[in-house]
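Residue numbers (the numbering used here): 9 to 291. Take a look at the structure set out below.
If you want it as C-alpha cells, here you go:
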C-alpha cells in the first residue's frame, strides 16, 4: 500500500475516533450570539507580545471591528480600553488551578461594564465554583462551546465544526477562537497578537529541565522562562512541547481549509508571526 493509501487509512481511523469522542464528550446543542456591532469583520486579540504594538500603531484598523479577547486579557488595561464584545477562555489550567480561576472570573465580574459574550468550554460546567462569581454581572452572557478534538477527512471535519460539536485539536486558545469566529456571521477574521514565536524561547538546562519564555502583551517586561505545566501539573518534556506545537500549527491549516469552504477569510496581521497557514496583511 502506497503513502496515499496509508494516509486515507489514517484519516479513516481519525474520523472514527472523532465520532467516538463526540458521542462521549460533546454537548449537542450550543447557543451562538447573533448580534454584533460589526457583523462582517472580527478581530481576534491573541495574547502575543506584538499586540501592544498593533493596538498602539494601528488604532484606526482596530476601531470599528468586533473584538474577541482571550484568557488573561482582562488583567490588562487594554480590556477596558477596547471593550471586546466576545471573550473566550480555553486554558485547561483554569479548571485545575483554583488561583487562576478565581483571579480570572473575579476580574471579569468586576471590570465588564458593557454587554459581552463569554465563551466557556463545555467541560467547565462540571466545575460549579466559578459560576457564582459571574452571576452578579448581567452584562456577561455565557455561551458554551465544545473543545472535543476533531481529526479525519477534511469534509467530515468541516461538517462537525459547523455543528459546533468540536474543534481542531485545541492546544492553544487561538484555535477555538478562530473556529468559533468561523461559525459566526463574520466574513473576515483578523488575527492580532498571534506571534507564536516560541521556538527561539526554548532552552534546556544542564539538569535536563525544559524552559520556555512565554511572553504575553500584558506581562512583557515581567515574564521569565519557566517550565511548561501540563494538565497533570507535571512539567512537559521537550518532545511533548514540540509535538503540541506541531499539532497547533497543523490545526491552522485545517481551519484555513474550513474557512475557504465557507467562503470566508482568516487574515494574519501579526508582525513576525510564525503561523504560516493564513494570508498576511500589514496594518
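Ideal Cβ placement from N, Cα and C applies to all residues, glycine included.
*When 21, 188, 47 and 60 are compared against residue 229, the one with the closest alpha-carbon*: Of 21, 188, 47 and 60, the residue nearest in Cα terms is 60.
*Would you kindly work out how many angstroms separate the C-alpha atoms of residue 266 and residue 47, rounded to a whole number?*
Pairing residue 266 with residue 47, the inter-Cα distance amounts to about 19 Å.
*asked:* For a test of the three-state rule: what should DSSP assign to residue 113, helix, strand or coil?
replied: Helix at residue 113.
_For residue 248 and residue 109, I'd like the C-alpha separation in whole angstroms._
Their backbone Cα atoms lie some 25 Å apart in a straight line.
*Would the beta-carbon of residue 249 be found less than 8 Å away from any heavy atom of the ligand ZN?*
As far as ligands go, the structure on display features none, and thus does not contain the ligand ZN.
_contact_flag[the segment 133–147, the segment 163–174] where n(CB pairs < 8 Å) is 3 or more_ = In the pairwise beta carbon analysis, the segment 133–147 is classified as not touching the segment 163–174: fewer than three pairs are separated by under 8 Å.
*Anyone know if the C-beta pair for residue 195 and residue 88 falls short of 9 Å?*
Contact: no.
*Take the Cβ of residue 262 as the centre, count every other Cβ of all protein chains shown within 10 Å, and call the residue buried at 16 or more, exposed below.*
Buried, because 16 or more other Cβ atoms sit within 10 Å of the Cβ of residue 262.
*Would the beta-carbon of residue 125 fall within 9 Å of that of residue 99?*
No Cβ-Cβ contact shorter than 9 Å links residue 125 with residue 99.
*Let me know the secondary structure DSSP gives residue 82 once reduced to three states.*
It is helical.
_Minimum C-alpha distance to residue 209 - residue among 45, 104, 188 and 223_ = Nearest to residue 209 by alpha-carbon distance, out of 45, 104, 188 and 223, is 223.
*Does the beta-carbon of residue 206 have 16 or more other beta-carbons within 10 angstroms, so that it is buried, or is it exposed?*
By the 16-neighbour rule on beta-carbons within 10 angstroms, residue 206 is buried.
*Contact check, residue 277 vs residue 62, beta carbons under 9 Å*: Yes, these two residues count as a Cβ contact at 9 Å.
*Determine the extent of the alpha helix (DSSP H) in which residue 38 is found, giving its start and end residues.*
Careful: residue 38 lies outside any alpha helix (DSSP H) and carries neither H nor E.
*Do residue 42 and residue 193 have their C-beta atoms within less than 9 Å of each other?*
It is a contact, given that the beta carbons lie within the stated cut-off.
*Please classify residue 156: does DSSP put it in a helix, a strand, or coil?*
Here residue 156 sits in coil by DSSP.
_Which listed residue (142, 221 and 81) has its alpha carbon closest to that of residue 117_ = Ranking 142, 221 and 81 by CA distance to the CA of residue 117 puts 142 first.
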